[in-house]
Structures are given as C-alpha cells and as structure tokens.
Amino acid sequence: MNPYVLATLLSSLGLGTTLTFASSHWLLAWMGLEINTLAIVPLMAQHHHPRAVEATTKYFLTQATAAAVILFASTTNAWTTGEWDMANMSNPIATAMILAALALKIGLAPMHFWMPEVLQGLDLLTGLILSTWQKLAPLALIIQTAQAFDPLLLTALGLMSTLVGGWGGLNQTQLRKILAYSSIAHMGWMIIVLQYAPHLTLLALLTYIMMTSAAFLTLKLSSATKVGTLATVWSKSPILTATAALVLLSLGGLPPLTGFMPKWLILQELAKQGLPLTATVMALAALISLYFYLRLCYTMTLTISPNTVTSSTPWRTQTTQASIPLALSTVMALGLLPITPTIMMLVT
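Counted from 1, the sequence shown has number 304 at position 298 by my numbering; the numbering is strictly sequential.
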C-alpha cells in the first residue's frame with residue numbers, strides 16, 4: 007500500500023477514535039465510529055484475496071448496522087428528552103438498543119458471530135488493529151453511559167461472552183479464530199465489572215491490549231496462522247517459542263503473569279459486591295479458556311523433535327519486522343503483576 011494512503015488511513019483511525027472519546031453528543035460519537043469503520047475497510051481489503059474481501063464485507067455490514075441502530079436509538083432518545091446529551095438517557099428502549107448496537111460493535115456474545123469469521127480473513131497486523139484499537143471507541147461509549155444500562159443485561163452479556171469465548175475456542179485449529187474467541191471472552195470480563203468498578207474495566211482493557219499485541223506480533227514474526235505450524239516454530243526461534251508460550255498463559259490468566267491481575271481483581275470485586283455465584287461462573291469460564299491456551303502451549307513446546315510433525319520445519323531466515331514493539335508488549339504481558347498496587351493507584 008502507498009505510504010501516503012496508509013498514513014491517511016491510520017490518522018483517520020486515530021481521528022475517529024479520538025472524536026468518539028471527546029464527545030458527549032450522540033451525533034458526534036456516531037460520526038467518530040463511522041470514520042473509524044471507513045478508515046479500516048481499505049486496510050482490511052488491501053490483500054486482493056477473496057477471503058479478505060469477504061471479511062471486509064461482513065465487517066462493513068455489521069458495523070454499518072450497529073451505527074444505524076445507534077443513530078436511530080439516539081434520535082429516539084433525543085425525541086423523548088429534547089437533547090442529544092449522553093448523560094441524559096431516560097428512554098429505556100433507546101438505552102437497550104444502544105447497548106445492543108455497541109455490543110455488536112465490539113463483538114460481545116450473542117452478537118459475536120461476525121468476529122471469528124472476519125478475523126480469519128485478515129492478515130495478522132490488520133487483525134491486531136481490529137482486536138485492539140477498534141474496541142476502544144465503542145467501549146468508551148459503553149463506559150460513559152454505563153449507569154443508564156440495566157445491570158442484569160450487562161451481567162448477562164458479560165457471562166455469556168466469557169462462556170461463548172471459552173467454549174467457541176475449544177474446537178479451533180486456526181490461530182486467528184482462537185484469538186477472536188479469546189477477545190470475546192476478555193470483553194465479557196470487562197463488561198461484567200463495569201457497573202461496579204469502571205476502573206477495573208479500564209485495567210482489564212489495557213492488559214488485554216498488551217497481551218493480544220504480544221500474541222499477534224509473535225505470530226507475525228513466526229508466520230504462523232494454524233496450530234500445526236506452531237509445532238515447528240521452535241527451530242526458527244527457540245527463545246520466542248518460550249516467551250510466546252508464557253504470553254498465551256498470561257492471556258489465560260495464570261499467576262504470576264500480568265493476565266492474572268485483572269481477573270483476580272474482578273473476581274475480588276464481584277465477591278465484594280455479594281455476587282459469589284457470578285464470580286464462580288466467571289472463574290470456571292476462565293478455566294475453559296485456559297484449556298485452549300494450554301493446547302497451544304503444548305503444541306509449541308512439547309511436540310518438538312524427536313516427535314514427528316507433519317509440517318515442514320521453516321528456515322531461519324532474517325525477518326524485516328521491528329522487534330522493539332514485540333519485546334515491549336511481551337515484557338508487559340509477562341511481568342506487571344508485582345506492580346499491581348502502583349497500577350491500581352494510577353487507574354483509580
């Protein structure tokens with residue numbers, strides 16, 4: 007892609023998200039979301055491959071539907087209350103519609119069906135943008151208007167997302183689909199605690215972005231898109247294989263890695279709010295997710311020579327990918343648990 011075009015598209019992505027962050031007016035927020043969608047569509051379709059085009063079309067249709075519902079719901083709310091302000095959401099139907107549309111935007115279950123399909127059709131870097139940056143604007147809107155939403159609905163969305171995210175990833179062999187289900191599960195963790203401690207939602211989002219960035223960049227460096235390919239990565243880069251396995255365990259939420267921090271704090275908060283049953287279901291759902299991360303770790307680290315694998319071993323060729331972002335995201339995805347008190351002071 008032409009660097010000028012790429013720079014324009016990336017700056018438009020930034021502009022759309024910033025516009026939504028800064029807005030307290032529904033029309034401006036909607037405009038930011040639309041700029042965001044239109045900026046990523048050419049990035050998704052840049053590889054002229056039928057799968058990429060199909061993924062782009064699916065993404066565009068789901069995002070356009072969600073944006074239309076947001077516009078309709080905010081107009082209905084403005085019709086009732088006489089103002090477009092986000093703080094004044096007194097129409098219950100409009101509020102429920104906006105939550106449904108924003109859930110569709112970020113891929114919360116049961117509006118998650120587009121997410122694995124779309125991610126599977128993209129290259130790893132565009133997939134990384136879709137899994138991290140594209141979640142920011144809709145989540146910001148959900149956090150801003152959280153007090154207007156029905157608490158039971160938020161809890162149901164969170165629980166369903168963590169269960170679907172864990173259950174859906176069990177049977178997958180494609181790494182991008184596994185990461186898509188991982189994303190759905192993590193979104194569930196963020197939504198479940200939103201009504202009680204929004205700062206924990208923010209913390210979970212930041213740790214999720216670090217861990218997912220590390221996972222995607224590792225896969226990009228090793229050119230792996232299928233579980234079978236992971237078995238041969240050790241011959242190309244043994245140290246990367248070790249850190250990648252740890253990053254996956256961090257995504258699963260195992261101590262003493264960074265991924266344990268948000269899960270631990272969220273379960274603690276749920277117990278504090280008198281919801282032991284919800285906390286138990288969430289912990290069990292995290293166990294289901296952990297199973298498929300362990301499957302990937304097993305493939306990467308325990309199926310090496312002399313065991314026979316069907317894939318051919320890759321050459322140790324020099325890569326052109328910058329290693330600084332990968333190194334930074336990996337370090338943050340593995341080592342931030344000891345400074346949890348400091349992070350909590352910064353976030354709260």
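Each residue gets a CB set at the ideal place from its N, CA and C atoms; glycine is no exception.
On a predicted model such as this, the values are computed, not experimentally measured, just so you know.
Given residue i, which residues of its chain have a CB within under 6 Å of its CB, disregarding the five upstream and five downstream residues?
i: residue 80; result: 32
i: residue 40; result: 73
i: residue 183; result: 122, 126
i: residue 209; result: 268, 353
i: residue 291; result: 168, 169, 172
i: residue 57; result: 127
i: residue 247; result: 239, 240, 306
i: residue 221; result: 253
i: residue 132; result: 49, 50
Excluding the five sequence neighbours on either side, which residues of its own chain have a C-beta within less than 8 Å of the C-beta of residue i, listed in chain order?
i: residue 36; result: 73, 76, 77, 80
i: residue 354; result: 205
i: residue 207; result: 145, 149, 196, 197, 199, 200
i: residue 329; result: 227
i: residue 100; result: 79, 80, 82, 83, 86
i: residue 231; result: 130, 180, 181, 182, 225
i: residue 343; result: 261, 262, 263, 264, 266, 267
Nearest to residue i by alpha carbon, out of the options?
i: residue 134; options: 160, 332, 206; result: 332
i: residue 223; options: 249, 234, 99; result: 249
i: residue 327; options: 228, 281, 278; result: 228
i: residue 20; options: 281, 265, 102, 142; result: 142
i: residue 285; options: 259, 17, 195, 55; result: 195
i: residue 259; options: 109, 341, 243; result: 341
i: residue 157; options: 212, 66, 98, 338; result: 98
i: residue 395; options: 110, 88, 22; result: With the chain covering only 7 through 354, there is no way to say anything about residue 395.
i: residue 137; options: 289, 192, 318, 96; result: 192
i: residue 263; options: 96, 53, 335, 105; result: 335
i: residue 174; options: 163, 187, 162; result: 187
i: residue 124; options: 60, 289, 52, 161; result: 60
i: residue 265; options: 237, 287, 52, 215; result: 215
i: residue 12; options: 154, 51, 92, 27; result: 51
i: residue 22; options: 139, 162, 288; result: 139
i: residue 293; options: 153, 257, 345, 104; result: 257
i: residue 279; options: 161, 120, 324; result: 161
Can you give me the start and stop residues for the alpha helix (DSSP H) that residue i sits inside?
i: residue 57; result: 56 to 87
i: residue 203; result: Taken as a continuous stretch (DSSP letters only), residue 203 belongs to no alpha helix (DSSP H), as it is neither H nor E.
i: residue 4; result: Any question about residue 4 goes unanswered here, given that the chain covers just 7 to 354.
i: residue 333; result: 330 to 341
i: residue 351; result: 346 to 353
If you drop the 5 nearest sequence neighbours on each side, which residues of the same chain put their C-beta closer than 7 Å to that of residue i?
i: residue 15; result: 45, 48, 49
i: residue 25; result: 34, 37, 38, 41
i: residue 90; result: 31, 32, 33, 80, 84
i: residue 255; result: 263, 299, 303
i: residue 18; result: 41, 45
So is residue i in contact with chain B if we call contact Cβ pairs under 7 Å?
i: residue 28; result: The displayed structure is made up of one protein chain only, and chain B is not part of it.
**Stretch pair the segment 173 to 182 + the segment 295 to 303: three plus CB contacts closer than 8 Å** = yes
**Item:** Secondary structure, alpha helix (DSSP H): runs of 4+ residues fully inside the segment 222 to 268
**Value:** 233 to 236, 239 to 242, 244 to 258
**Prompt:** Okay, do the segment 264 to 283 and the segment 148 to 157 touch, 3+ Cβ pairs below 8 Å being the bar?
**Reply:** no
**Request:** Check whether the segment 274 to 282 touches the segment 198 to 218, taking contact to mean three or more Cβ pairs, one atom from each stretch, closer than 8 Å.
**Result:** yes
**Prompt:** If we count Cβ pairs, one from each stretch, closer than 8 Å, do we get three or more for the segment 302 to 309 versus the segment 241 to 258?
**Reply:** yes
**Prompt:** Are the segment 107 to 118 and the segment 165 to 172 touching by the rule of at least three beta carbon pairs closer than 8 Å?
**Reply:** yes
**Request:** Starting from the N-terminal side, write out each stretch of the alpha helix (DSSP H) that is 4 residues or longer and does not extend beyond the segment 8 to 39.
**Result:** 9 to 28
**Message:** Report the start-end ranges of each alpha helix (DSSP H) in the segment 110 to 164 that is 4 residues or longer and not cut off at the edges.
**Reply:** 120 to 126, 130 to 137, 139 to 150
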